[in-house]
Amino acid sequence: MKRTFDAVIFDLDGTLVDSMWVWSKIDEDYLGRYGIEVDEMLESELEGMSFTETAEYVKNRFQLEDSVEKIKADWNQMASDFYRAQVPLKKHVREFLEYLESQDIKMGIATSNSHELVEIVLEAHGMRQKFASIRTSCEVEKGKPYPYVYQQVAKDLDVEPTRCLAFEDVPNGVLAAKRAGMTICAIRDRQVAEMEEVLRQEADYFVEDYKQIIEYYESEHKKSYA
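Per the numbering used here, the sequence shown runs over residues 4 to 229.
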């Protein structure tokens, strides 16, 4: 990996942390306040949108009276306790980050979530200091599948996009990183079979968890010295 990439950039939800279940619950609870049932298509319709774009979409689609800023504040409040105490890391994430550090590879985060929740979950797991750049899609022109958030993190890290490996768990995220010119590794989360098939087709790699990557590079390292 050291010979191939100078930086690794992660999405957050479903990639670094196991948190997608939180948003299904929040969608249900939040819209339930207004007597609205969550339909099966909502998650796919929101895929890749920035936190602000998501709030704008929900407000307009369901004709909510609250402002976009109020909706975002409510979501942050509802999610903060989950992210602080109940959202676990993905399997073997900590070991993988330590491996990257040992190889002097820079790390960043390019997420559609809010900056507040990113900070909360990273601090909860003692991982904030590992990332030299954290950018949200609200900080750039448009969210995923547009490449802007990935381009911004690469710029922050002072690394050419072609020298970056991006980790994603949804197709629009994969497309965003691909449009930025990066190599993409998709990782298993709670994807339905149809989405997993798209990820396997569109990403450069698909892995079950981070231990699989560590074992691969360690085996390659041993070969080089054989």
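Glycine included, each C-beta is placed from N, C-alpha and C at the ideal position.
Ordered along the chain, which non-local residues of its own chain (more than five positions away) have a Cβ less than 8 Å from that of A229? Indexing the sequence shown from 1 puts residue 229 at position 226. Bear in mind that the predicted position of A229 carries a pLDDT of just 48, short of 50, making it unreliable; the figure below should be weighed with that in mind. Excluding positions up to five away in sequence, the list is empty.
Counting only runs of 3+ residues fully inside the segment 87-140, write out the beta strand (DSSP E) ranges in chain order. Secondary structure within the segment 87-140: the beta strand (DSSP E) runs of 3 or more consecutive residues, fully enclosed, are 109-114 and 136-139 (chain order).
Do the segment 12-21 and the segment 71-82 touch if we need at least three Cβ pairs shorter than 8 Å? No: fewer than three Cβ pairs fall under 8 Å.
Can you tell me whether DSSP reads F54 as helix, strand or coil? Against the sequence shown, residue 54 aligns to sequence position 51. Correct three-state label for F54: helix.
Which residue or residues does DSSP assign as beta-bridge partners of V177? Taking the sequence shown and counting its residues from 1, the one referred to as residue 177 is at position 174. Bridge partners of V177: none, in fact.
Is the segment 55-75 close to the segment 91-102, with three or more CB pairs under 8 Å? Short answer: they don't touch.
Straight-line Cα distance separating T7 from Y33: Within the sequence shown, the letter at position 30 stands for residue 33. Within the sequence shown, the letter at position 4 stands for residue 7. If I take the Cα positions, the gap works out to 44 Å.
If distances are taken between C-alpha atoms only, which option among S47, E40, A113 and G38 comes closest to E197? Locating residue 197 in the sequence shown gives position 194, counting from the first residue. Nearest of S47, E40, A113 and G38 to E197, Cα basis: S47.
Is A179 near K158, with beta carbons less than 7 Å apart? As a first step, residue 179 is located in the sequence shown; it is residue number 176 there, counting from the start. As a first step, residue 158 is located in the sequence shown; it is residue number 155 there, counting from the start. Taking 7 Å as the Cβ cut-off, A179 and K158 do not qualify as a contacting pair.
Under the three-state reduction of DSSP, which class applies to D32: helix, strand or coil? Translated into positions along the sequence shown, residue 32 becomes position 29. DSSP, reduced to helix, strand and coil, places D32 within a helical segment of the structure shown.
Among the residues of its own chain, which have a CB less than 6 Å from the CB of R193, if the five just before and after it don't count? Counting from one through the sequence shown, the residue named residue 193 turns up at place 190. Here the set comprises M23.
Tell me whether the beta-carbon of N175 lies closer than 7 Å to the beta-carbon of E43. By 1-based counting over the sequence shown, the position of residue 175 is 172. By 1-based counting over the sequence shown, the position of residue 43 is 40. Not in contact: N175 and E43 (Cβ atoms no closer than 7 Å).
Since L160 contacts G111 with CB under 8 Å, what's their CB separation in whole angstroms? Indexing the sequence shown from 1 puts residue 160 at position 157. Indexing the sequence shown from 1 puts residue 111 at position 108. Correct: roughly 5 Å between the Cβ atoms.
Rounded separation between Y213 and Y219 - CA only: Translated into the one-based positions of the sequence shown, residue 213 becomes position 210. Translated into the one-based positions of the sequence shown, residue 219 becomes position 216. For Y213 and Y219, the gap between their C-alpha atoms comes out near 10 Å.
Can you name the start and end residues of the beta strand (DSSP E) that E171 belongs to? For this step, residue 171 is matched to residue 168 along the sequence shown. C167 to E171 is the extent of the beta strand (DSSP E) around E171.
Could you have a look at A10 and say whether DSSP puts it in helix, strand or coil? Reading the sequence shown from its first residue, position 7 is the one you call residue 10. Residue state, collapsed to three classes: strand.
Just confirm the distance between the C-beta atoms of V20 and V90, as a whole number of angstroms; I'd bet it's less than 8 Å. Translated into the one-based positions of the sequence shown, residue 20 becomes position 17. Translated into the one-based positions of the sequence shown, residue 90 becomes position 87. For a cut-off of 8 Å, the C-beta gap from V20 to V90 is around 5 Å, short enough to register as a contact.
Given this structure, state the Cα-to-Cα distance separating Y153 from F170, to the nearest angstrom. For this step, residue 153 is matched to residue 150 along the sequence shown. For this step, residue 170 is matched to residue 167 along the sequence shown. So the two alpha carbons sit approximately 11 Å from each other.
Whole angstroms is fine: what's the gap from S117's alpha carbon to S222's? As a first step, residue 117 is located in the sequence shown; it is residue number 114 there, counting from the start. As a first step, residue 222 is located in the sequence shown; it is residue number 219 there, counting from the start. Here the C-alpha atom of S117 lies approximately 38 Å from the C-alpha atom of S222.
Classify T165 as buried or exposed, calling it buried when 16 or more other Cβ atoms lie within 10 Å of its own Cβ. For the purposes of this step, residue 165 is taken as the residue at position 162 of the sequence shown. By the 10 Å Cβ count, T165 comes out exposed.
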